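Taken in order, these protein sequences are the chains called G and L.
Take the first sequence: its position 72, counting from 1, is numbered 72 in my numbering, and each next residue is one higher.
Take the second sequence: its position 180, counting from 1, is numbered 180 in my numbering, and each next residue is one higher.
Below is one structure; the comments refer to it alone.
Protein chains: 2
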Amino acid sequence: MSGRVVVLTGGVGGAKLVLGLQQLLEPANVTAIVNTGDDFTHLGLHVSPDIDTLLYTLSGKSNAAQGWGREGESWNFLDALRSLGGEDWFMLGDGDLALHVLRSMRLARGESLSAITADFARSWGIAIDVLPMSDQLVATHLDTDEGVLPFQRYFVGRRCQPVVRQVMFEGAAQAKPAPGVCEAILADDTTAILIAPSNPYLSVDPIFAVPGIRDALLAARAPVVAVSPIVGGDAVKGPTAKLMRELGSVVTPQAVAAHYGDVLDGMLVDERDARVNLGIASVHVDTLMTSLDDRVRVAQAALALAAGIR
Amino acid sequence: MSGRVVVLTGGVGGAKLVLGLQQLLEPANVTAIVNTGDDFTHLGLHVSPDIDTLLYTLSGKSNAAQGWGREGESWNFLDALRSLGGEDWFMLGDGDLALHVLRSMRLARGESLSAITADFARSWGIAIDVLPMSDQLVATHLDTDEGVLPFQRYFVGRRCQPVVRQVMFEGAAQAKPAPGVCEAILADDTTAILIAPSNPYLSVDPIFAVPGIRDALLAARAPVVAVSPIVGGDAVKGPTAKLMRELGSVVTPQAVAAHYGDVLDGMLVDERDARVNLGIASVHVDTLMTSLDDRVRVAQAALALAAGIR
Numbered sequence: 001m002s003g004r005v006v007v008l009t010g011g012v013g014g015a016k017l018v019l020g021l022q023q024l025l026e027p028a029n030v031t032a033i034v035n036t037g038d039d040f041t042h043l044g045l046h047v048s049p050d051i052d053t054l055l056y057t058l059s060g061k062s063n064a065a066q067g068w069g070r071e072g073e074s075w076n077f078l079d080a081l082r083s084l085g086g087e088d089w090f091m092l093g094d095g096d097l098a099l100h101v102l103r104s105m106r107l108a109r110g111e112s113l114s115a116i117t118a119d120f121a122r123s124w125g126i127a128i129d130v131l132p133m134s135d136q137l138v139a140t141h142l143d144t145d146e147g148v149l150p151f152q153r154y155f156v157g158r159r160c161q162p163v164v165r166q167v168m169f170e171g172a173a174q175a176k177p178a179p180g181v182c183e184a185i186l187a188d189d190t191t192a193i194l195i196a197p198s199n200p201y202l203s204v205d206p207i208f209a210v211p212g213i214r215d216a217l218l219a220a221r222a223p224v225v226a227v228s229p230i231v232g233g234d235a236v237k238g239p240t241a242k243l244m245r246e247l248g249s250v251v252t253p254q255a256v257a258a259h260y261g262d263v264l265d266g267m268l269v270d271e272r273d274a275r276v277n278l279g280i281a282s283v284h285v286d287t288l289m290t291s292l293d294d295r296v297r298v299a300q301a302a303l304a305l306a307a308g309i310r
Numbered sequence: 001m002s003g004r005v006v007v008l009t010g011g012v013g014g015a016k017l018v019l020g021l022q023q024l025l026e027p028a029n030v031t032a033i034v035n036t037g038d039d040f041t042h043l044g045l046h047v048s049p050d051i052d053t054l055l056y057t058l059s060g061k062s063n064a065a066q067g068w069g070r071e072g073e074s075w076n077f078l079d080a081l082r083s084l085g086g087e088d089w090f091m092l093g094d095g096d097l098a099l100h101v102l103r104s105m106r107l108a109r110g111e112s113l114s115a116i117t118a119d120f121a122r123s124w125g126i127a128i129d130v131l132p133m134s135d136q137l138v139a140t141h142l143d144t145d146e147g148v149l150p151f152q153r154y155f156v157g158r159r160c161q162p163v164v165r166q167v168m169f170e171g172a173a174q175a176k177p178a179p180g181v182c183e184a185i186l187a188d189d190t191t192a193i194l195i196a197p198s199n200p201y202l203s204v205d206p207i208f209a210v211p212g213i214r215d216a217l218l219a220a221r222a223p224v225v226a227v228s229p230i231v232g233g234d235a236v237k238g239p240t241a242k243l244m245r246e247l248g249s250v251v252t253p254q255a256v257a258a259h260y261g262d263v264l265d266g267m268l269v270d271e272r273d274a275r276v277n278l279g280i281a282s283v284h285v286d287t288l289m290t291s292l293d294d295r296v297r298v299a300q301a302a303l304a305l306a307a308g309i310r
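And the structure:
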């Protein structure tokens, strides 16, 4: 496999696929475009959960058992904050704080999120090009039966319990793709564009909501291949299945393919799901990514599907 | 001892005396006016070292062996920050960060340092009235043989090594005493005003530099009694002696008394220092505060001297 591979990704599930790509390919030939719709300001600090999950995963610092955050994390900050009456509903680990404090300081100085993210990746020896979808703020909000909730209030504060009626991306209309995003999608040497098995509504749609990115995907020479986030009629983790039902969708790979629409040229479907005609190229494999070998295997299958389309 | 006791204080040495007062008196009858000239913005966070030292000391959280910071502190934030290329010359512990993050967030919202400090003290069960000298920024700078240095760059970054020619308090002329400061000094029921054995030039002078505080001390009915920071012709710790010499002073209690000038009504002098006429009331005792008993004893001696003057 030569040429560049671009991958659109959200949080934990997406990071697994990107880790597979990092193992499989020359990392410098991979560009990850990361959802920043989950970003929010907490305690005055700019938190970028999906970027951080990817940085932790690719640098070997992620807490695999917990599913988020840093391995060997300590919580003295949060304990002290609690003793001072500070908000403790969002878990900020001691080591994790370094990313938020440094990012916030540099953003306040006028530096861009993409420049800061690139520096962080470089500091941790990550050769993959990690790009936020945009340097402008795009904030995912959910219209629910409890009113409109910012993403983290819904996801962490309310553990995805409210019934969602609509997902909105505040600021998206004014946002621009971060430097390098459309360039990577459209580059002549880009041979595959993957959509990671992240939540289509909460992790991938915010990326599509940034004006220009969807058009770039439609114009790209490279095939766009999604790894289905559905496994045997359910989501592997997180609120994907519940959210799809609440938004009136069935929980099938077809529904995800239909949701992505005309940007999609192919889909890697889990072997547990029905072999129906998606109207695009598709291959059935075991898409569960439990081990590192699984991650490499799924990445390889997605790239093989893209190569077949090309 | 009835009535209110007011104490002007800086960092570690001053906090020892205030702790003695907390043991000796009804804490609600004590007002501590704290130097904020050491405050600075680090990594985008507002750090108030002397306020924090006092809060840690009075709530039993201070690290006695280390002489600063929290007992049982961890350093995962700083390790992670270092791995990202962040500035690590100023030690920010994981638990310690809670004060800085919460304070910074609340200051950014427009709350005052005095209101925030009062909340912190209340959260930690401190009944002493802990007041910053001012809610406005006053920044101690030192004109040295290496140029003008902000306080923490001189104190922590350069470990007090540069030769000091002058001490300056930027912003002091525009600052106002924090709410409660002059009121406590001038209150009818205030029976003693103590100046803790903090660095006269770096911890007490910034308080005097806030317009109105010195005048209030001159107008106060209560006697103003300093605990000499000199013990046997040297300072107990820190750069006091070196700084006094660099500024052309001798290192004696007389020199400190002369430096404070007409605000002073009495001085508690260490028994190791010469019994000379200070021109004000004075008593010689052992002023070293190694144990908690020492702190109580020195506080008691200072109050007795004040009572004798009154």
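Using N, Cα and C, we set each Cβ at its ideal position, and we do this for glycine too.
Predicted, not measured: the structure shown is a model, and the values here were computed from it.
Check	Outcome
Of all the CB atoms in chain G, is at least one closer than 8 Å to the CB of L:Leu131?	no
Determine the chain L residues that contact G:Val47 at a beta-carbon separation under 7 Å, and present them in chain order.	Correct list: empty, because the minimum Cβ distance to chain L is about 12 Å.
Mind checking L:Arg122: buried by the 16 CB within 10 Å criterion, or exposed?	exposed
Mind checking whether L:Gly37 and L:Phe169 have CB atoms under 8 Å apart?	yes
Can you tell which of L:Pro253, L:Val296, L:Ala175 has the C-alpha that lies nearest to the C-alpha of L:Gly233?	L:Pro253
Can you find a CB in chain G that lies within less than 8 Å of the CB of L:Val101?	yes
Using a C-beta to C-beta distance shorter than 7 Å, which residues of chain L count as neighbours of G:Gly86?	Ala98, Leu102
Based on Cα-Cα distance, which residue from G:Lys16, G:Arg4, G:Asp262, G:Thr9 lies nearest to G:Thr290?	G:Lys16
Is G:Asn29 close to chain L, meaning its C-beta is less than 8 Å from at least one C-beta of that chain?	no
Output yes or no for whether 8 Å exceeds the beta carbon distance between L:Ala192 and L:Pro223.	yes
By the 10 Å Cβ neighbour count, where 16 or more other Cβ atoms means buried, how is L:Glu246 classified, buried or exposed?	buried
Taking the alpha helix (DSSP H) that G:Met105 falls in, what are its first and last residues?	96 to 108
By the DSSP assignment, the alpha helix (DSSP H) with G:Pro206 in it spans what residues?	205 to 209
By the criterion of Cβ-Cβ separation under 9 Å, what are the contact partners of G:Met91 in chain L?	The premise fails here: G:Met91 is roughly 14 Å from chain L at the closest Cβ pair, so nothing lies under 9 Å.
The ligand FAD heavy atoms versus the CB of L:Val276: any closer than 7 Å?	Although the ligand FAD was asked about, the structure shown includes no ligands whatsoever.
Count the other CB atoms within 10 Å of the CB of L:Ala301; is the residue buried (16 or more) or exposed (fewer)?	buried
Beta-carbon of L:Gly14 versus every beta-carbon of chain G: anything under 8 Å?	no
For G:Ala64, is the classification buried or exposed, using 16 other Cβ atoms within 10 angstroms of its Cβ as the cut-off for buried?	exposed
Please report the Cβ distance between G:Leu142 and G:Val164, rounded to the nearest whole angstrom; I am assuming they are in contact, meaning their Cβ atoms lie under 8 Å.	5 Å
Give me, in chain order, the residues of the same chain whose beta-carbon lies closer than 6 Å to that of G:Val346; leave out the 5 immediate sequence neighbours on both sides.	Lying outside 1 to 310, the shown extent of chain G, residue 346 of chain G is not represented and no answer is given.
When DSSP labels each residue in this structure, what does G:Ala172 get in the three-state scheme?	helix
Does G:Met1 have its Cβ less than 8 Å from a Cβ in chain L?	Here the model assigns G:Met1 a pLDDT of 48, short of 50, so the residue's position is not dependable and the matter cannot be decided.
For L:Val285, tell me which candidate among L:Arg310, L:Val298, L:Glu111 has the shortest Cα-Cα distance.	L:Val298
For G:Met1, which three-state DSSP category applies?	For G:Met1, the predicted model reports a pLDDT of 48, less than 50, meaning its position is unreliable and no value from the coordinates is stated.
If you pair each beta-carbon of the region 87 to 104 of chain G with each one of the region 41 to 48 of chain G, do three or more pairs fall below 8 Å?	yes
Taking C-beta pairs closer than 8 Å, name the residues in chain L that G:Tyr120 reaches, listed in chain order.	Sequence check: residue 120 of chain G is Phe here, not Tyr. Those within 8 Å of G:Phe120 in chain L are Leu84.
Output, in sequence order along the chain, the residues in the region 37 to 64 of chain G whose CB is closer than 8 Å to any CB in chain L.	Leu43, Gly44, Leu45
Residues of chain L with CB under 8 Å from G:Gly95, in chain order?	Asn76, Phe77, Asp79, Ala80
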